[in-house]
Amino acid sequence: MPSKQKTIKNKVKFIGKGIHSGQVSSVIICPSPADSGIYFRRTDLKSNSNKAIKALHANVSSTYYCTELSNDEQISILTVEHLLAALFGLNIDNAEILIDGPEVPILDGSSKIFLDGLKDTGTIEQNKTKKFINITKPIRVSNNSSYASFMPHDSLFIDAQIDFSHECIGVQRMETLMDHDVFQSQIASSRTFGFLEHAEKLKSMGYGLGVNLSNTIVLTEKHIMNGDGLQYNDEFVRHKILDICGDLKLANFDIIGKYTSVYGGHHLNFLALQKLFENIDCWELTELDDDDKNTSNTKENIQQKLVNL
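For the sequence shown, my numbering assigns the number 272 to the initial residue and increments by one for each residue that follows.
Right under this line is the structure:
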């Protein structure tokens, strides 16, 4: 488990269409100092309204079909989860993300293109110790028929289950130790999916305006429209895990614990993080010293760090 924070070596740029807005935008990911975290900046807006949008659970303003972040000036950015998942997959703690539109491009519907571009530019260690949220007591949250929980574990372990009444999906479950190698090899390329029958309703609400078969697995009543089929038989639950990795990045610190999601999505992930930060007696903020030994912060220090997020 890495003990030092990381950022990227050089800027890297991506251009593409937003899956919901349908607008083309460019994203430039830049190196950022230690302890700065991940944050977005809208370059299409006037400089006096160009305050950063920090990638924190407290800044989640909507979870309707994607994760949307907003700052206190009501400047928003849509569909951050796939890019955040790629940053998770490369263990990047600090980055400034410049974007000239309202939504992160969907690209191929997964994290793969983001991941490959970030790998090509490389990462560098920074002279600051990395901190972790270490789960010490169970935390559970429910939302109608779905629920999520955090449990103590010696690493990040994800258990995700979905159930869709479609013969190409049905019940799917994946349990995995979620380290950065597993994310890159088994999760990063899994694509987002949607149902053709919902398309017109979504478009009437201003969502799904950029959907096509190159960025989404589209399901008809009984079949998959994509000619190239699926990459995995369980690609649907793998993509749910990709979304979980992106949403959990909003904790600002990597999590050591087991995360279970049953019939969940972005909203459930947000509720789980909200419950996590409401219950600071159920976890410790820890760091790894040079001998890879965990050292815990006091409760007073934890509270102060949360105030400073």
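Think of the CB as a built atom: it goes at the ideal place given N, C-alpha and C, for glycine as much as any other residue.
Note to self: Short of 6 angstroms in beta carbon distance, which residues of its chain neighbour Ile384, apart from the five on each side in sequence? Order them along the chain.
What the structure shows: Leu378
Margin query: Tell me whether the region 416–434 and the region 518–533 touch, counting them as touching only if at least three CB pairs, one residue from each stretch, are closer than 8 angstroms.
Written below: yes
Next item on the list: Excluding the 5 residues preceding and the 5 following Leu354 in the sequence, name in chain order all residues of the same chain whose CB lies nearer than 6 angstroms to its CB.
Entry: Val375 and Phe385
Next item on the list: Determine which residues share a DSSP beta bridge with Lys277 and list them.
Entry: Glu396
Next item on the list: Taking Glu367 as part of the beta strand (DSSP E), name the residues at either end of that continuous run.
Entry: Ala366 to Ile370
Check: Quick one: what's Phe217 bridged to in DSSP?
Finding: Since the first and last residues shown for the chain are 272 and 580, residue 217 lies out of range.
Check: Is the number of C-beta pairs between the region 354–367 and the region 299–306 that are closer than 8 angstroms three or more?
Finding: yes
Next item on the list: Can you tell me which of Gly517, Val412, Asp505 and Ala326 puts its alpha carbon nearest to the alpha carbon of Glu446?
Entry: Asp505
Next item on the list: Would you mind sorting His494 into buried or exposed? The rule is 16 or more other CB atoms within 10 Å of its CB.
Entry: exposed
Note to self: Is it buried or exposed, Glu339, if we count other Cβ atoms within 10 angstroms and call 16 or more buried?
What the structure shows: buried
Next item on the list: Evaluate Asp525 with the Cβ neighbour count: other Cβ atoms within 10 Å of its Cβ, from every protein chain shown; 16 or more gives buried, anything less gives exposed.
Entry: buried
Note to self: Closer than 8 angstroms is the cut-off here; do at least three beta carbon pairs connect the region 508–523 with the region 426–435?
What the structure shows: yes
Next item on the list: Identify which residue in Lys317, Ser333 and Arg313 has its Cα closest to the Cα of Ile324.
Entry: Arg313
Check: For Lys288, which residues does DSSP report across the bridge?
Finding: Val295
Margin query: Report the CB separation of Lys277 from Gln397 in whole angstroms; it is logged as a contact under 8 angstroms.
Written below: 6 angstroms
Next item on the list: Give the secondary structure of Arg444 by DSSP, where H, G and I count as helix, E and B as strand, and everything else as coil.
Entry: strand
Next item on the list: Kindly confirm or deny that the region 438–453 and the region 332–349 touch, where touching means at least three C-beta pairs closer than 8 angstroms.
Entry: no
Next item on the list: May I ask which residues mark the beginning and end of the alpha helix (DSSP H) holding Leu354?
Entry: Glu352 to Gly360
Note to self: So for Gly481, helix, strand or coil by DSSP?
What the structure shows: coil
Margin query: Nearest by alpha-carbon distance to Asp552: which of Asp425, Lys408 and His538 is it?
Written below: Lys408
Next item on the list: With distances taken Cα to Cα, identify the nearest neighbour of Lys390 among Leu361, Ser460, Asn330 and Ser416.
Entry: Leu361
Note to self: Whole angstroms are fine: how far does the CA of Val508 sit from the CA of Ser382?
What the structure shows: 15 angstroms
Margin query: Taking DSSP's pairing of strands, which residues face Tyr530 in a bridge?
Written below: Phe421 and Ile429
Next item on the list: Within its chain, find whatever has a CB closer than 7 angstroms to the CB of Leu480; leave out the 5 residues flanking it on each side and keep chain order.
Entry: His291, Ser292, Gly293 and Lys474
Margin query: Using only the alpha-carbon positions, how far apart do Lys402 and Val298 sit?
Written below: 27 angstroms
Note to self: Based on DSSP bridge pairs, tell me the residues matched to Lys325.
What the structure shows: Tyr310
Margin query: So, for Lys570: in the same chain, excluding its five sequence neighbours on each side, which residues have a beta-carbon less than 6 angstroms away from its beta-carbon?
Written below: Residue confidence for Lys570 is low, a pLDDT of 48 falling below 50, so the modelled location carries little weight; the figure read from the coordinates is stated next. The answer is none, since no qualifying residue turns up.
Item checked: Between the CA atoms of Asp306 and Ser347 - distance to the nearest angstrom -> 23 angstroms
Check: What residue does the alpha helix (DSSP H) around Phe507 start on, and which one ends it?
Finding: Glu506 to Leu519
Note to self: For Glu468, tell me which candidate among Ile410, Val489 and Gln345 has the shortest Cα-Cα distance.
What the structure shows: Val489
Check: Which class does Asn497 belong to by DSSP, given the choice of helix, strand or coil?
Finding: coil
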